[in-house]
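K.L.:
Protein chains in written order, with the numbering used here: chain A, 6 to 457; chain B, 6 to 457.
2 protein chains.
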Amino acid sequence: MKHDESTSTTDRPRVVILGGGFGGLTAARALKRAPVVVTLIDQNNHHVFQPLLYQVATSALESTDVAFAFRSLLRRQKNTEVLMGEAESIDPNGRVVHLSNGHAVPYDYLIVATGAQSFYFGHPEYKTHAPSLKTVRDALDIRYRVLMAFEQAEQETDPVEQRALLTFVVVGGGPTGVELAGAIAELADHALKRDFRHIDPTRAKVMLLERGPHILPMYPANLQAKAEKQLAGLGVEVRTSIGVNSVDEFGVVIGSDRIMARTVLWGAGTVGAAVACSLGTPVDRHGRIEVASTLNPPGLSNVFVIGDAAALVQDGEPVPGIATAAIQGGHYAAHAIVKRLQGKPVEPFHYWNKGQLATIGTSRAVAMLPARVHLWGFPAWLMYLTVHLVYLSGFRTRVRVFLSWIWSFLTWARGARLIPSQVEGRAFEAADEEEAPPPLGVDEHHPAPPSH
Amino acid sequence: MKHDESTSTTDRPRVVILGGGFGGLTAARALKRAPVVVTLIDQNNHHVFQPLLYQVATSALESTDVAFAFRSLLRRQKNTEVLMGEAESIDPNGRVVHLSNGHAVPYDYLIVATGAQSFYFGHPEYKTHAPSLKTVRDALDIRYRVLMAFEQAEQETDPVEQRALLTFVVVGGGPTGVELAGAIAELADHALKRDFRHIDPTRAKVMLLERGPHILPMYPANLQAKAEKQLAGLGVEVRTSIGVNSVDEFGVVIGSDRIMARTVLWGAGTVGAAVACSLGTPVDRHGRIEVASTLNPPGLSNVFVIGDAAALVQDGEPVPGIATAAIQGGHYAAHAIVKRLQGKPVEPFHYWNKGQLATIGTSRAVAMLPARVHLWGFPAWLMYLTVHLVYLSGFRTRVRVFLSWIWSFLTWARGARLIPSQVEGRAFEAADEEEAPPPLGVDEHHPAPPSH
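1. In chain A, which residues lie less than 8 angstroms from R290/B when you measure between Cβ atoms?
2. Assign H52/B to one of three DSSP states: helix, strand, or coil.
3. Compute the distance between the beta-carbons of A372/A and H379/A, then report whether it is under 8 angstroms.
4. P376/B to P225/B, Cα distance in whole Å?
5. Going by beta-carbon coordinates alone, are V392/A and A92/A separated by less than 8 angstroms?
6. I'd like to confirm the pairing. Which residues does DSSP put opposite M373/A in its beta bridges?
7. Under a Cβ-count criterion, where at least 16 other Cβ atoms within 10 Å of its own Cβ denotes burial, should G238/A be classed as buried or exposed?
8. If you run the structure through DSSP and keep just helix, strand and coil, what is E254/A?
9. Given this structure, state the Cα-to-Cα distance separating S105/A from G25/A, to the nearest angstrom.
10. Can you check DSSP and say which residues form a bridge with H103/B?
11. Spell out the partners DSSP gives R244/B in its beta bridges.
12. Indicate whether at least one CB of chain B lies closer than 8 angstroms to the CB of N301/A.
13. Any Cβ of chain B within less than 8 angstroms of the Cβ of D16/A?
14. What do you reckon, are the CB atoms on P302/A and L317/A nearer than 8 angstroms?
15. Can the beta-carbon of Q55/A be found closer than 8 angstroms to that of A328/A?
16. My output table needs one value for I220/B: the three-state DSSP class, helix, strand or coil.
17. Straight-line CA distance for H51/B to L145/B?
18. If you measure beta-carbon to beta-carbon, which residues of the stretch 60–83 of chain A are closer than 8 angstroms to chain B?
19. What in chain B is Cβ-close to M89/A, meaning under 7 angstroms?
20. Could you say which of R17/A, I22/A, G28/A and V20/A lies nearest to I332/A if we only look at CA atoms?
21. For my contact list, A121/A and D313/A are in at a C-beta cut-off of 8 angstroms; report their separation, rounded to the angstrom.
22. Check this for me: beta carbons of I311/A and G326/A, under 8 angstroms apart or not?
23. So, under 8 angstroms CB-CB, V269/A and V174/A are touching, yes? Tell me the CB distance rounded to an integer number of Å.
24. For chain A, is any of its Cβ atoms less than 8 angstroms away from the one on N358/B?
25. Nearest to Q347/B by CA position, among P40/B, A35/B, R34/B and C282/B, is which residue?
26. Taking CB distances under 8 angstroms as the criterion, tell me whether E166/B reaches chain A.
27. For the beta strand (DSSP E) that I204/B lies in, which residues bound it at each end?
28. Taking 8 angstroms as the cut-off, decide whether the C-beta atoms of Y396/B and T364/B are in contact.
29. So for L239/A, helix, strand or coil by DSSP?
30. May I have the straight-line CA-CA distance separating A273/A from L192/A, to the nearest angstrom?
31. Using a Cβ cut-off of 8 angstroms (strictly closer), state whether E161/A contacts chain B.
32. Just to confirm before moving on: does the CB-CB distance between I46/A and V110/A stay below 8 angstroms?
33. Taking only the alpha-carbon atoms, compute the straight-line gap between P164/B and E67/B and give it to the nearest angstrom.
34. Once you ignore the five residues that flank C282/A on each side, which residues in its own chain have a CB closer than 7 angstroms to its CB?
35. Quick one: measure Cβ to Cβ for L221/A and A186/A, integer angstroms, because I've assumed they're closer than 8 angstroms.
36. Please list, in chain order, the chain B residues whose beta carbon lies closer than 9 angstroms to that of R267/A.
Quick look at the structure:
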């Protein structure tokens with residue numbers, strides 16, 4: 006019986022999925038009962054719930070709250086294997102993916118879900134000084150920089166340098182930039198408020214720079230205005246129509262002005278992953294693969310490109326690079342492969358706009374819903390919480406994240422305050438706990454005189 | 006009012022505490038209401054709950070469950086400041102501590118709580134191949150190695166190399182070695198059981214090597230036998246009276262035998278931290294400072310050495326290097342400083358033996374309690390859980406750890422399965438979630454044929 010199964014398995018068409026983000030993971034799961042063999046290839050051993058990554062960067066959540074081991078997610082899916090490795094190039098003629106470890110993985114169908122990476126407008130050297138937020142590693146790196154800036158400011162005696170340490174610049178006013186700026190302002194104003202003896206964290210300055218005339222460019226004008234007002238309420242200095250000339254270790258240069266800031270974060274641009282370009286089909290100016298309405302690049306009917314890796318125009322408008330679009334693309338690609346195997350016709354992909362949300366600190370958000378419904382403030386924030394809890398993987402994580410949020414909301418404490426272990430070491434997290442436990446804490450027999 | 010306070014504060018005696026482990030943190034807290042200014046210096050920004058570190062190393066807990074930011078723990082203690090930095094040397098004549106960043110911190114009283122570090126018996130080069138478990142970084146490094154060994158074995162085609170990847174050697178049969186070996190065996194047998202397609206994780210081999218005739222040398226013979234039996238029940242191969250001749254990238258050499266193992270962990274020896282030796286007073290052969298019954302090194306009545314940093318003999322027996330001894334030392338040092346300031350006599354330190362516990366996988370342990378009470382198996386394990394939950398810092402962490410344990414006990418899932426982000430990157434954690442979330446998961450409209 007077992008032998009029969011494995012024999013029939015090797016005869017099945019091979020579906021290779023590159024990338025386990027929202028699109029790739031959805032496609033893998035949607036192929037659970039399909040008569041194919043699925044191989045999911047990812048550089049990491051985990052799926053990342055990207056919309057909440059900024060909360061890991063700002064100590065509100067832990068990495069385990071937003072990262073989930075693929076093997077564990079796909080354990081019960083017997084037709085699927087997970088391959089941890091880096092895809093280096095695709096050979097669409099030979100129908101094979103080459104990995105950086107020298108292995109070659111053949112496919113009958115390929116789903117390219119390699120996402121987008123940060124783009125520094127031709128200045129990759131900025132990355133050292135201004136990390137972006139794409140992976141859990143990025144999030145822990147940002148957390149490290151932000152918390153270390155306060156630690157160093159506490160020990161700094163030069164007031165100019167201390168001010169630079171307490172200045173945080175976020176470049177790019179898209180949702181990631183808005184969420185990061187808001188969360189850093191709240192971290193300084195509340196979570197760290199009473200933790201230092203020589204600096205006042207509430208005097209930290211958070212600036213959000215946007216090249217265009219308004220932050221959240223894809224949102225309608227009324228929500229842009231609401232978001233700017235809500236950010237101002239958190240003490241974030243929003244500056245629009247501002248082009249950054251350069252970024253270095255001292256901060257950013259705008260025209261002839263220099264903003265002295267030891268922490269600069271980049272939320273400004275993205276570009277498709279390089280491996281997708283090795284398909285050799287046309288890409289747009291953001292490095293995304295141009296696809297037809299069937300999500301195939303020209304001439305490659307057995308290759309599907311989904312999510313942020315694809316440049317797709319529908320009804321004259323580009324499909325946005327957001328999680329819901331990637332999820333829908335993943336479902337579609339899986340569906341199309343099964344139809345194809347059955348010899349049935351495949352309808353074109355249709356993106357169903359479910360709206361977009363951006364949160365601004367704890368208890369505020371803006372929401373752009375279908376049918377021109379706009380929400381902001383507390384109702385939008387409640388909607389944000391609900392949607393993200395529903396979409397989060399797994400019951401246990403939902404409970405944990407929900408409890409973390411409740412806890413933060415009630416106490417302002419941040420559950421995951423980073424730690425630089427050693428210079429060459431790996432960053433990790435340390436919890437924020439206010440309560441003194443009895444056994445280690447108060448010594449009842451201790452005859453301490455009253456302090457005065 | 007505020008001015009008066011700060012003026013009186015600067016006139017107070019300065020107590021500097023080196024190291025924020027159990028001893029140092031207890032001392033800082035016990036000085037909360039004392040008329041002194043306290044400076045706690047630690048390389049990290051967090052206290053580590055070391056007894057549970059092996060659970061971070063084996064994916065059962067997250068780093069935030071066992072690491073707590075000092076600033077947060079000591080937030081309400083106005084007479085205390087936290088200084089993140091590395092103490093390089095102590096000048097007992099000048100009464101000053103020199104930090105590696107060039108700063109000098111003067112003191113009136115010094116509490117040396119620098120703990121112990123791993124000792125490789127004169128072979129520091131072993132450390133690369135056989136990490137030990139002292140810090141959160143160590144724990145994440147071990148977790149990385151263990152989980153990556155399974156990932157690599159899954160892709161390995163050479164059966165000899167695959168076997169080496171699935172062989173885990175723990176050197177040293179003390180509590181840490183016993184706990185690590187048991188937890189790795191359980192990880193392989195349960196948590197990872199169904200996660201791979203080309204290897205069977207339950208066939209992984211875990212070996213525990215002990216130089217002496219029995220594991221847990223400080224325990225009585227009946228509990229040693231129980232522990233060996235419980236480990237055997239988990240499939241751990243315990244080998245005693247075994248001296249390791251060398252450790253390299255291929256495994257360990259014992260006499261003329263070589264054990265091929267890609268993962269070797271070190272739990273064999275400890276030595277006092279180097280900075281403590283700069284006091285210039287006598288040390289024992291483990292590099293621990295010899296102290297009188299007042300915990301002062303000879304001739305230095307304003308210096309207290311506590312916890313693992315101290316070599317103390319009481320009633321003819323060495324005080325063990327365990328958390329309870331360090332906690333009691335911290336209380337004593339704080340108490341003694343206050344008495345001294347009041348001009349009162351100080352009684353000698355007396356270590357109160359509360360017993361020792363070691364756990365062997367989930368649901369088994371051995372406990373050596375006062376009055377020769379011995380426990381083992383499930384009752385000892387329940388005691389272990391209770392004691393550690395009570396001692397853990399903070400209500401929130403207790404709830405989280407308790408839930409993690411319940412969850413693991415019921416499902417065998419491991420909540421914190423590591424991730425190597427990128428080669429040069431920092432390690433972090435990813436959650437282990439079995440449940441498929443509805444929105445990303447099943448596609449009801451997906452016409453997949455039944456798999457067979």
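Don't be surprised by glycine CBs; every beta carbon is placed ideally from N, CA and C.
P.N.:
According to the structure data:
1. The contacting residues do not exist; R290/B stays about 27 angstroms from chain A at best.
2. The three-state secondary structure of H52/B, taken from DSSP, is strand.
3. Taking 8 angstroms as the cut-off, the beta carbon of A372/A is found closer than this to the beta carbon of H379/A.
4. Per the sequence presented here, residue 376/B reads as Ala, with Pro not at that position. Looking at the two C-alpha atoms, the distance is approximately 13 angstroms.
5. No, the pair does not count as a contact, with Cβ atoms beyond the cut-off.
6. Note: M373/A sits in a beta bridge opposite Q361/A and H379/A.
7. The residue in question, G238/A, is exposed, as its Cβ has fewer than 16 Cβ neighbours within 10 Å.
8. Coil, per DSSP.
9. C-alpha separation (whole angstroms): 17 angstroms.
10. Answer by DSSP bridge pairing, in chain order: S94/B and A109/B.
11. Within the DSSP secondary-structure output, R244/B pairs in a beta bridge with L214/B.
12. So no, N301/A is outside the interface.
13. It does not: the Cβ of D16/A has no partner Cβ on chain B nearer than 8 angstroms.
14. Not closer than 8 angstroms, so no.
15. Annotated as proximal: Q55/A and A328/A, with beta-carbon spacing under 8 angstroms.
16. I220/B: coil per DSSP, three-state reduction.
17. Approximately 15 angstroms, taken between the alpha carbons.
18. Answer in chain order: E67, S68, T69, D70, A72, F73, A74, R76, S77, L78, R80, R81 and K83.
19. Those are E156, listed as they occur along chain B.
20. Sorting R17/A, I22/A, G28/A and V20/A by C-alpha distance to the C-alpha of I332/A places G28/A at the top.
21. Confirmed, Cβ separation roughly 4 angstroms.
22. With respect to the 8 angstroms criterion, I311/A and G326/A are not classified as neighbours on the basis of their beta carbons.
23. Contact holds; Cβ gap of about 5 angstroms.
24. Chain A, which has no Cβ nearer than 8 angstroms to the Cβ of N358/B, makes this no.
25. Answer by Cα proximity: P40/B.
26. Under the Cβ criterion of 8 angstroms, E166/B is not counted among the residues facing chain A.
27. First-last for I204/B: undefined, no H or E at that position.
28. No, these two residues do not count as a Cβ contact at 8 angstroms.
29. Coil.
30. The alpha-carbon atoms of A273/A and L192/A are separated by roughly 22 angstroms.
31. Interface criterion not met: the Cβ of E161/A is under 8 angstroms from no Cβ in chain B.
32. Judged by beta-carbon spacing, V110/A lies within the 8 angstroms limit of I46/A, meaning their Cβ atoms are closer than that value.
33. Each residue's alpha carbon lies about 33 angstroms from the other.
34. Excluding sequence neighbours, C282/A sits near V288 and G292.
35. Between L221/A and A186/A, the beta carbon gap of about 12 angstroms keeps them out of contact (Cβ cut-off 8 angstroms).
36. The contacting residues do not exist; R267/A stays about 16 angstroms from chain B at best.
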